[in-house]
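Colleague: Those protein sequences? They're chains A and B, same order as listed.
Residues in the first sequence are numbered consecutively from 1, following the working numbering.
Residues in the second sequence are numbered consecutively from 1, following the working numbering.
Sharing a structure below in structure tokens format, with a few things to ask.
2 protein chains.
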Amino acid sequence: MTVPESTVTRAIEAMRSESAIIERISRGLANSRPFRYKVDRVRLGIGDDAAVIRAGFLARGVLGSDDLVLSCDAFLENIHFLAKVHPPEAIGYKALARATSDLAAMGATPQFFMLALALPPSRTGAWLDSLIKGMARAAREFGMTLIGGDTSENATAIMNMTVGGEVAAGHALTRSGARPGDGIYVSGTLGAAQLGLELVSRGLHRDRRWKRLLEQHLRPKIQLELGKWLAGDRIRHSIASAATDTSDGLSTDLTHICEASGVSARIFAAQIPVVSLPTSLARHRFDPLELARHGGEDYQLLFTVPAAHKHRIPKSFYGAPITKIGEILHAKSGRGASSIELVGTDGKKTRLVPRGWDSFRVASRGSKR
Amino acid sequence: MTVPESTVTRAIEAMRSESAIIERISRGLANSRPFRYKVDRVRLGIGDDAAVIRAGFLARGVLGSDDLVLSCDAFLENIHFLAKVHPPEAIGYKALARATSDLAAMGATPQFFMLALALPPSRTGAWLDSLIKGMARAAREFGMTLIGGDTSENATAIMNMTVGGEVAAGHALTRSGARPGDGIYVSGTLGAAQLGLELVSRGLHRDRRWKRLLEQHLRPKIQLELGKWLAGDRIRHSIASAATDTSDGLSTDLTHICEASGVSARIFAAQIPVVSLPTSLARHRFDPLELARHGGEDYQLLFTVPAAHKHRIPKSFYGAPITKIGEILHAKSGRGASSIELVGTDGKKTRLVPRGWDSFRVASRGSKR
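Take a look at the structure:
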């Protein structure tokens, strides 16, 4: 077994253009942060073997210290996006947004990111420039600095994002703090991103009437301010007992909270803030509740709040509605102890099984494709 | 344009088996650290939206604080390894070793890592178990804890490693500190990994006589202890003025130091610790000096030392020889200011151009393939 010549040649060409690509990434993402509101934590950024963060500055003596929050997320062509369908600017924006949504779910303030990028040579020109532009826009919005990365050639595009932020020590919002009696809340509307994905998968995304329905799928808004507010800080108590982002779909994400917390949940179909569909889509028979229950990638926050704090939850936060959809119950005994009961609009109770992407398969198989 | 059904189905299957795969990764890499020699920095590890590091513990009051060192590195099938040639255990080991070598090059003590893993479904069984086993061995050796990650399905295997460590504040070894008059040193031998790669690429790797020559290519030894010693700490001064790891090959890596430091360099061919070749390989006409000058992936440390510290450099460190190969000179003027002069065994001076992988192409095109 020999290494195919083409592999070697491709690797060589990648090496040759690597410094040029790094140069463009650095320039395109330089000084992404709009302003530096605190002492800069980055001692050494891109251009060396690794980045250096002044962890000492995170500890602020008598005022207490901050924790560092880290997450990584792969964004892969043909799995998470399609180069022929999705604009590169949206791919770049979404790559950073979906990774940073995990920081929002922890209540952390984003600080920096690293980008491990692999690309086919055919997409190292204008396509890459648009990708960088979209990513730079996300970095500015979230207040993040590029501190490092890695570039390589590959047959398909790969973006691996490592994101870092900070939260007051001990204030990170975990999935494991939900207790019986806590209310279950969600921000924004659910099913919007799934609707966008299904419009794309059914080839309906080029119809101008439905263009705005693609936004949450293409350029998801993430809930950073809400996450920070729910986590509190050393002056202000935490409001939420548990939180996660709706990346896999309500049924799966709420199951994560229930399993991590060792509790069950009851939610009410009539209270779920489902995506609203224009009448022009009527004949395509989308089911908003189905989209909301199992559709992924909304990047809203799903969180639980103890009864003592419920009066502090506003109707909306930075423009996004906040809706109570149910309550946390004691765990049942035996298998499926962390189950979710869905009370239908007719009052009928069913079990909500975590299905995430499965609903998409069911929906698309039921369609005319 | 519609999303291909196969893409959707594959994504669904990946989601279904995802929790099972995460469970196996967690179990296989749990408690990788052999002992906890300091207060544990990981407040929250795998299983939530992100990991939480107690940055406050990195700052230790009157004794000064530590900096956090972060790096990321993609290890891609068909680009960096071949699933049909390389054993999965070696792939797992090398994925973490090559990323952690960047921490060695900064003088940092490794602490934690995140793994973003994408795999074809056909390799989620025994292949994955071997991969995890190799990675767990590396994690134990380096003293690292898995704190998070991401799993996905993909047509080829992808490992994105994010590694983190710590170094005494301000002690990180950068590429930019080399000054005229500093000696240039390298650990170990150069060209060993390139030789292994070329044996593989020429289909010679299955010959038992040459099995041991594959080791640095398959399971590279990295120079963590040397890096830490060169960086010093708050009690002990730094010894090296600049450092990097030999991941791209001597010609390229030394160019990185020269460019970052704004200096030139002179190295002596006779002093380069080239890989030694067994006589059994004679007819394959490998050129040890060529392998050493441009061959990548040795993961040795290349570093510069001010004349005042040269008496402190031992002949070997933890079993690896330390060799002085040249000296740092003032930058020349104009283009190519950071050039490298190579003094041949005959005393003839030539310019060493950064070629990295290029030499491999030249070498392999010159071979019988």
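For every residue, glycine included, the Cβ atom is placed at its ideal position computed from N, Cα and C.
In this text the structure is predicted, and so the values were computed from the model without any measurement.
Return yes when the Cβ of residue 85(B) is within less than 8 Å of the Cβ of residue 200(B), no when it is not.
Modeller: On the second sequence, residue 200(B) is found 200 positions in, with the first residue counted as 1. On the second sequence, residue 85(B) is found 85 positions in, with the first residue counted as 1. Yes.
Colleague: When we look at the beta-carbon of residue 279(B) and count the other beta-carbons within 10 Å, is it buried (16 or more) or exposed?
Modeller: Locating residue 279(B) in the second sequence gives position 279, where the first residue counts as 1. Its Cβ having fewer than 16 others within 10 Å, residue 279(B) is exposed.
Colleague: Taking the C-alpha atoms as reference points, what is the distance between residue 247(A) and residue 291(A)?
Modeller: For the purposes of this step, residue 247(A) is taken as residue 247 along the first sequence, with counting starting at 1. For the purposes of this step, residue 291(A) is taken as residue 291 along the first sequence, with counting starting at 1. The straight-line gap from Cα to Cα measures roughly 13 Å.
Colleague: According to DSSP, is residue 297(A) part of a helix, a strand, or is it coil?
Modeller: Numbered from 1 along the first sequence, position 297 holds the residue referred to as residue 297(A). Residue 297(A) falls in the coil class under three-state DSSP.
Colleague: Mind checking the stretch 115-133 of chain B against chain A and listing, in chain order, the residues whose C-beta falls within less than 9 Å of any C-beta there?
Modeller: 115, 116, 117, 118
Colleague: What residues in its chain sit with their C-beta under 8 Å from that of residue 321(B), if we drop five residues either side in the sequence?
Modeller: Numbered from 1 along the second sequence, position 321 holds the residue referred to as residue 321(B). Scanning its chain for C-beta atoms nearer than 8 Å, with the 5 sequence neighbours on each side dropped, one finds around residue 321(B) the residues 187, 188, 189, 273, 315, in chain order.
Colleague: Mapping the DSSP letters down to three states, classify residue 59(B) as helix, strand or coil.
Modeller: Taking the first residue of the second sequence as position 1, residue 59(B) is located at position 59. For residue 59(B), the predicted structure reports a pLDDT of 47, less than 50, and the residue's modelled location is therefore unreliable. A value from the coordinates is still provided. Looking at residue 59(B) - three-state DSSP - the assignment turns out to be strand.
Colleague: Let me make sure I understand the geometry here. Which of 212(B), 20(B), 254(B) has the alpha-carbon closest to that of residue 192(B)?
Modeller: Against the second sequence, residue 192(B) aligns to sequence position 192. Of 212(B), 20(B), 254(B), the residue nearest in Cα terms is 212(B).
Colleague: Would you decide whether residue 334(A) is buried or exposed? Buried here means 16 or more other CB atoms lie within 10 Å of its CB.
Modeller: Numbered from 1 along the first sequence, position 334 holds the residue referred to as residue 334(A). Residue 334(A) comes out exposed.
Colleague: Can you give me, in chain order, the residues of the stretch 136-153 of chain B that have a beta carbon less than 9 Å from any beta carbon in chain A?
Modeller: 147, 148, 149, 150, 151, 152, 153
Colleague: Just to confirm the assignment, what range does the beta strand (DSSP E) spanning residue 243(A) have?
Modeller: The sequence position of residue 243(A) within the first sequence is 243, counting from 1. It spans 242-245 - the beta strand (DSSP E) in which residue 243(A) sits, taken as one unbroken run.
Colleague: Considering just the uninterrupted stretch of the beta strand (DSSP E) at residue 161(A), what are its terminal residues?
Modeller: Here residue 161(A) refers to the residue found at position 161 when the first sequence is read from its first residue. First-last of the beta strand (DSSP E) with residue 161(A): 158-168.
Colleague: Could you check how far apart the C-beta atoms of residue 158(B) and residue 76(B) are, in whole angstroms? I think they sit under 8 Å.
Modeller: By one-based count along the second sequence, residue 158(B) stands at place 158. By one-based count along the second sequence, residue 76(B) stands at place 76. Their Cβ separation, rounded to whole angstroms, is 6 Å, which keeps residue 158(B) and residue 76(B) in contact under 8 Å.
Colleague: Go ahead and label residue 368(B) buried or exposed: buried means 16 or more other beta carbons lie within 10 angstroms of its beta carbon, across all protein chains shown.
Modeller: Sequence index remark: in the second sequence, residue 368(B) carries index 368 (1-based). Its pLDDT being 30, under 50, residue 368(B) is placed unreliably in this model, and the value from its coordinates should be taken loosely. So residue 368(B) ends up on the exposed side.
Colleague: What residue range does the alpha helix (DSSP H) around residue 386(A) cover?
Modeller: Outside the displayed range of chain A (1 to 369) lies residue 386(A), so it cannot be described from this structure.
Colleague: Could one say the Cβ of residue 47(A) lies closer than 8 Å to chain B's Cβ atoms, at least one of them?
Modeller: The residue you call residue 47(A) lines up with position 47 of the first sequence. It does; some Cβ of chain B falls within 8 Å.
Colleague: Hey, does residue 69(B) have any beta-carbon neighbour from chain A nearer than 8 Å?
Modeller: As a first step, residue 69(B) is located in the second sequence; it is residue number 69 there, counting from the start. Chain A contact via Cβ: present.
Colleague: Residue 51(A) bridges to which residues according to DSSP?
Modeller: The residue labelled residue 51(A) in the question sits at position 51 within the first sequence. DSSP lists 70(B) as partners of residue 51(A).
Colleague: Between 30(B), 104(B), 124(B), which lies nearest to residue 46(B) when the distance is taken from Cα to Cα?
Modeller: By one-based count along the second sequence, residue 46(B) stands at place 46. Measuring from the Cα of residue 46(B), the nearest candidate turns out to be 30(B).
Colleague: Report the option in 114(A), 332(A), 134(A) whose CA atom is closest to the CA atom of residue 89(A).
Modeller: Position 89 of the first sequence, counted from the first residue, corresponds to residue 89(A). Minimum Cα distance to residue 89(A) is reached at 134(A).
Colleague: Determine the direct distance from the alpha carbon of residue 222(B) to that of residue 258(A), and round the result to whole angstroms.
Modeller: Along the first sequence, one-based indexing puts residue 258(A) at 258. Along the second sequence, one-based indexing puts residue 222(B) at 222. Those two C-alpha atoms are separated by around 43 Å.
Colleague: From which residue to which residue does the beta strand (DSSP E) around residue 150(B) run?
Modeller: Against the second sequence, residue 150(B) aligns to sequence position 150. That run of the beta strand (DSSP E) goes 145-153.
Colleague: Examine chain A for any beta-carbon lying closer than 8 Å to the beta-carbon of residue 76(B), and answer yes or no.
Modeller: Mapped onto the second sequence, residue 76(B) falls at position 76. Contacts with chain A at 8 Å (Cβ-Cβ) include residue 76(B).
Colleague: State the Cα-Cα distance for the pair residue 209(A) and residue 219(B), rounded to the nearest angstrom.
Modeller: As a working note, residue 209(A) is residue 209 in the first sequence. As a working note, residue 219(B) is residue 219 in the second sequence. About 56 Å.
Colleague: Skipping 5 residues on each side, what residues in its chain have a beta carbon closer than 6 Å to that of residue 324(B)?
Modeller: Residue 324(B) sits at position 324 when you count from the first residue of the second sequence. Short of 6 Å from the beta carbon of residue 324(B), and not among the five residues preceding or following it, lie these beta carbons of its own chain, in chain order: 183, 185.
Colleague: Please compile the residues from chain B whose C-beta is within a distance smaller than 9 Å of the C-beta of residue 272(A).
Modeller: Counting from 1 along the first sequence, the entry for residue 272(A) is found at position 272. Near residue 272(A) there are no residues of chain B at all, since even the closest Cβ is about 21 Å away, more than 9 Å.
Colleague: Which residue comes first and which comes last in the beta strand (DSSP E) that contains residue 184(B)?
Modeller: The count along the second sequence starts at 1 and reaches residue 184(B) at position 184. Residues 183-187.
Colleague: Over the uninterrupted alpha helix (DSSP H) stretch that includes residue 231(A), give me the two end residues.
Modeller: Taking the first residue of the first sequence as 1, we reach residue 231(A) at position 231. Per DSSP, residue 231(A) belongs to the alpha helix (DSSP H) from 224-231.
Colleague: Which class does residue 238(A) belong to by DSSP, given the choice of helix, strand or coil?
Modeller: Reading the first sequence from its first residue, position 238 is the one you call residue 238(A). Residue 238(A): coil per DSSP, three-state reduction.
Colleague: At least one CB of chain A closer than 8 Å to the CB of residue 72(B): is that the case?
Modeller: For the purposes of this step, residue 72(B) is taken as residue 72 along the second sequence, with counting starting at 1. It does; some Cβ of chain A falls within 8 Å.
Colleague: Could you name the residues of chain A that residue 182(B) contacts, counting a contact when the two beta carbons are closer than 9 Å?
Modeller: The residue labelled residue 182(B) in the question sits at position 182 within the second sequence. Here the premise fails: no neighbours, minimum Cβ distance about 17 Å.
Colleague: Could you name the residues of the same chain whose beta carbon sits closer than 6 Å to that of residue 349(A), not counting the 5 residues immediately before and after it, in chain order?
Modeller: Along the first sequence, read from residue 1 onward, the residue named residue 349(A) stands at position 349. Taken in chain order, the residues that qualify are 341, 343.
Colleague: Which same chain residues, not among the five before or five after residue 177(A), have their C-beta less than 7 Å away from its C-beta?
Modeller: Position 177 of the first sequence, counted from the start, is the residue given in the question as residue 177(A). Only 241, 242, 261 meet the Cβ criterion.
Colleague: Count the C-beta pairs between the stretch 95-113 of chain A and the stretch 294-307 of chain A that are closer than 8 Å, then say yes if the count reaches three, no if not.
Modeller: Yes: the two stretches touch, three or more of their Cβ pairs being nearer than 8 Å.
Colleague: State the beta-bridge partners of residue 327(A) as determined by DSSP.
Modeller: Translated into the one-based positions of the first sequence, residue 327(A) becomes position 327. The partner list for residue 327(A) (beta bridge, DSSP) reads 183(A), 266(A).
Colleague: Taking the alpha-carbon positions, what's the residue 244(B) to residue 82(A) distance?
Modeller: As a first step, residue 244(B) is located in the second sequence; it is residue number 244 there, counting from the start. As a first step, residue 82(A) is located in the first sequence; it is residue number 82 there, counting from the start. A straight-line Cα-Cα distance of about 37 Å links residue 244(B) and residue 82(A).
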